[in-house]
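Undergrad:
Protein chains: 2
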Amino acid sequence: MKNFNYYIPTRIFFGPGSIKELSQTKLPGNKALIVISAGQSMKKFGYLQRVQDLLKTNNCESVVFDKILPNPVKSHVMEGADLARRENCDFIVGLGGGSSIDTAKSIALMVKNPGDYWDYIHGGSGQGKLYKEAVLPVVAITTTAGTGTEADPWTVITNEEKQEKIGFGGDDFFPVFSIVDPELMLSIPPELTAFQGFDAFFHAAEGYIAKIATPISDAYALQSMALIAEYLPKAIKNGKDLEARTQIALANTLSGMVESTSSCTSEHSMEHALSAYHPSLPHGAGLIMLSESYFRHFSSVCPERLIKMAKTMGKEGETADDFISALLKLQNDCGVAGLKMSDYGIQKSEIHKIAENAHHTMGGLYDMDRQTLSHQDTVDIITAAFK
Amino acid sequence: MKNFNYYIPTRIFFGPGSIKELSQTKLPGNKALIVISAGQSMKKFGYLQRVQDLLKTNNCESVVFDKILPNPVKSHVMEGADLARRENCDFIVGLGGGSSIDTAKSIALMVKNPGDYWDYIHGGSGQGKLYKEAVLPVVAITTTAGTGTEADPWTVITNEEKQEKIGFGGDDFFPVFSIVDPELMLSIPPELTAFQGFDAFFHAAEGYIAKIATPISDAYALQSMALIAEYLPKAIKNGKDLEARTQIALANTLSGMVESTSSCTSEHSMEHALSAYHPSLPHGAGLIMLSESYFRHFSSVCPERLIKMAKTMGKEGETADDFISALLKLQNDCGVAGLKMSDYGIQKSEIHKIAENAHHTMGGLYDMDRQTLSHQDTVDIITAAFK
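Line order of the protein sequences matches chains W and S. Here the first sequence is numbered in full-length UniProt numbering, starting from 1 and rising by one per residue. Here the second sequence is numbered in full-length UniProt numbering, starting from 1 and rising by one per residue.
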């Protein structure tokens, strides 16, 4: 066994109705910038109003920043930080999916630190500077079950000018506390439920085959995949099934804990490159498209790991192929087996460029693979995945 | 699934050689009170000197308090707090087994809070007062694999005048960081290795059948029991087997995380009562003696949980009895199948008194059982365990 450090200081309030903790728990400040998406759901379903009311009950003022896109962009990080500064906000609330919570984390960095967000980014055209001023405290309230960002110290932002989608983070970026209330997830449409659920699944699966996996991250990952295999089809079939939503919410939080204790691998680099060029491609959909050929590549590298993943998904699990079958069956049961890159405007002629972008912008995740992939390996995986 | 809160803010440095983190990591103060046992091992094996040297390298002074008994007592909490106050120590290092680390936590409470330690204790003759002053930061360096206290916010101290052995703790008692270095565990004699390993095992097993268990605590518990079933006999057979020691150290840390996310059950109340009257009885030995009749009692209450425990221990796991067989086999493989209460001076005539003490001093853990035990149930379990 390898040495490891374990650190997940975030307090997680989990379960139906746990949103009410917002009115009872000690808050990390007196005025919150609430970061939400540009879509209507946070307002339409009353979640924003509820959060504002609960904060008010807890003697906390708030300001809303409501511009976040599904693939969140750097310009909104800068704009949100400006607003927080002008309004004297002393902590940031990310309310919504991974895009809002990740943007909240990135805004938290930029409120007190000078310059441009990309000054601090490692990879791509990022300057890799060290930040010197404090990162504001972040509270995460997740209304989707996909990124696990409520339980990890990472944020992924796209530099829209450079077409670079890059992760960033560290100890200072763990939310002070997170609220995972499945009642806020009952309104997610089936297709998004599937994409987000698979994102969580691949955080767990990649974290399980990553070379820095530990027995603790393994425990989270196997539990997460078991729950997704059992409950994701149910949550897609009936979005009001609170038990299924709750189990998937838990699987997602567990997959965030995998992110905190292990790592994603190069599958994520490839997907980030795909959606950096094609922002309309949902992250989870990109991962689903890549997954069969990606995990097939690793089936000879760490077959024993794929067998264990097959078992946790309820398969017999005698060969690595059993995992591929379980994965394809789950995609089928979730109605996402027929996704095609070409439907999102991706062209076969782009594959070399996409593979280069994956290495260039998120090469770090390639170091997490148990066997290092070459540029040609990446091209081959994406080519095999292309439909 | 029930709602739950998850919070384990302790940073854990895990693995052979991780003790060196003490010279590199940011410390929570400038002068440490190092709490160690009254035995010779911390000095004889050079661990104390190493810790002092590493702290010094990290510009930190230290003072040693070396009186802790295997069942740590209240008078040493008070004496250690006095010493820390006189010496202006601003954090406490617990170096050793659970007794030293637990005492470190309790001392951390009493350095700035007035009165007697038992003023703050709930249960028994404790006054249940709220403390108002800060608890000093604690660093845990574990040299045994038994209590998991390095990853939980709990401490167990005996009031030697009242013959009450009671747990206490909460969020303020999580170590700031813990070092789990299996190289410091190579010198533990076989019998202690067994007793401590079983203590860890029962933290996991009780936490798994506790009614507040969550899927996260389940993941820790099953992983912990799997590791103990596989590696404890090896660590006992060859104490220098670093891989076995490492796996058992991890199992122990995982069982501490079970303590932080679920709870012990009344088996622990019963054992605390046994060793409150018979301080020479090692805690792990007491648990081993109680375990067969205790888990037999619960085999009809939550058979599906016992079956899963049997499976994680490598058994087929078709009935709850398979867990009892796996438990007895593990005791046999570890050379502790023949332990007798009578060998430690416990008499059958004491059982009523012991059962009363268990309810009186640690009744709270009875609330964690899936089926509430009566006084007579407790008497029956201890009677069935008596040899």
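Idealized CB from N, CA, C, for every residue including glycine.
1. Does chain S have any CB closer than 8 Å to the CB of ARG11 of chain W?
2. Under 9 Å between beta-carbons, which chain W residues line up against LEU250 of chain S? List them in chain order, please.
3. To the nearest angstrom, how far is it from the Cα of THR265 of chain W to the Cα of GLU271 of chain W?
4. According to DSSP, which residues form a beta bridge with LYS165 of chain W?
5. Just to confirm my understanding: we take ASP171 of chain S, look at its own chain, exclude 5 residues before and 5 after, and list those with CB closer than 7 Å. What are they?
6. Compile a chain-ordered list of the residues in the segment 15 to 33 of chain S whose CB is closer than 8 Å to at least one CB of chain W.
7. Would you mind listing the alpha helix (DSSP H) stretches within the segment 256 to 304 of chain S that are 4+ residues and don't spill past its ends, in chain order?
8. Alpha carbon to alpha carbon, what distance is there between MET42 of chain W and ILE68 of chain W?
9. Quick check on the DSSP output: the alpha helix (DSSP H) that includes ALA38 of chain S runs from which residue to which?
10. Would you identify the three-state DSSP class for ALA219 of chain S, choosing helix, strand or coil?
11. Please state the DSSP three-state secondary structure of SER224 of chain W.
12. Just by C-beta distance, which residues in the segment 228 to 242 of chain W are closer than 9 Å to chain S?
13. Check for me: the alpha helix (DSSP H) holding VAL77 of chain W runs from which residue to which?
14. Answer with buried or exposed for GLU206 of chain W, where buried requires no fewer than 16 other C-beta atoms within 10 angstroms of its C-beta.
15. Suppose the cutoff is 7 Å on Cβ atoms and the five residues either side in sequence are ignored; what does the same chain contact list for PRO9 of chain S look like?
16. Just curious, the alpha helix (DSSP H) that ASN332 of chain W is in, first and last residue?
17. Helix, strand or coil for PRO175 of chain S, going by three-state DSSP, please let me know.
18. Would the beta-carbon of LYS105 of chain S fall within 8 Å of that of THR147 of chain S?
19. Roughly how many whole angstroms lie between the Cα atoms of LYS31 of chain W and LYS112 of chain W?
20. Shorter than 8 Å from the beta carbon of THR383 of chain S to some beta carbon of chain W?
21. On the criterion of 16 or more Cβ atoms from any shown chain inside 10 Å, does LEU27 of chain S qualify as buried, or is it exposed?
22. Mind pulling the chain W residues with CB within less than 7 Å of THR246 of chain S?
23. Mind checking the segment 138 to 170 of chain W against chain S and listing, in chain order, the residues whose C-beta falls within less than 9 Å of any C-beta there?
24. Pairing CB atoms from the segment 227 to 234 of chain S with CB atoms from the segment 308 to 317 of chain S, are three or more of them under 8 Å?
25. If you draw a straight line from the C-alpha of THR261 of chain S to the C-alpha of ALA213 of chain S, how long is it?
26. Are the beta-carbon atoms of ILE12 of chain W and ASN5 of chain S separated by less than 8 Å?
27. Only counting runs of 3 or more residues, tell me where the beta strand (DSSP E) segments fall wholly within the segment 1 to 37 of chain W, in order along the chain.
28. With a Cβ-Cβ cutoff of 8 Å, do VAL176 of chain W and TYR117 of chain W count as a contact?
29. Could you spell out the range, first to last residue, of the beta strand (DSSP E) harbouring LYS67 of chain S?
30. Who are the near neighbours of SER275 of chain S in its chain, counting only those whose CB is closer than 7 Å to its CB and skipping five residues on each side?
31. Check GLY46 of chain S in the structure and name its three-state DSSP category.
32. By Cβ distance, which residues of its chain are closer than 7 Å to LEU22 of chain W, with the 5 residues on each side in sequence left out?
33. Decide yes or no for the touch test of the segment 359 to 368 of chain W against the segment 121 to 139 of chain W: beta carbon pairs closer than 8 Å, at least 3 of them.
34. By Cβ distance below 6 Å, which residues in the same chain neighbour MET289 of chain S in space, the five residues on each side in sequence not counted?
35. Which value, in whole angstroms, describes the spacing of the CA atoms of THR144 of chain W and ALA249 of chain W?
36. For SER224 of chain S, does the count of other Cβ atoms within 10 angstroms reach 16, so buried, or fall short, so exposed?
TA: The relevant details are as follows:
1. yes
2. MET1, THR214, PRO215, ILE216
3. 11 Å
4. W:THR158
5. TYR7, PRO153
6. GLY15, PRO16, GLY17, SER18
7. 266 to 277, 283 to 298
8. 12 Å
9. Taken as a continuous stretch (DSSP letters only), ALA38 of chain S belongs to no alpha helix (DSSP H), as it is neither H nor E.
10. helix
11. helix
12. none
13. 74 to 86
14. buried
15. PHE174
16. 320 to 333
17. coil
18. no
19. 15 Å
20. no
21. buried
22. MET1
23. ALA151
24. yes
25. 7 Å
26. yes
27. 4 to 14, 31 to 37
28. no
29. 61 to 68
30. ASN71, LYS165, LEU281, HIS283, GLY286
31. coil
32. VAL51, LEU54, LEU55, ASN58, ILE179
33. yes
34. LEU339, MET341, ALA385
35. 8 Å
36. buried
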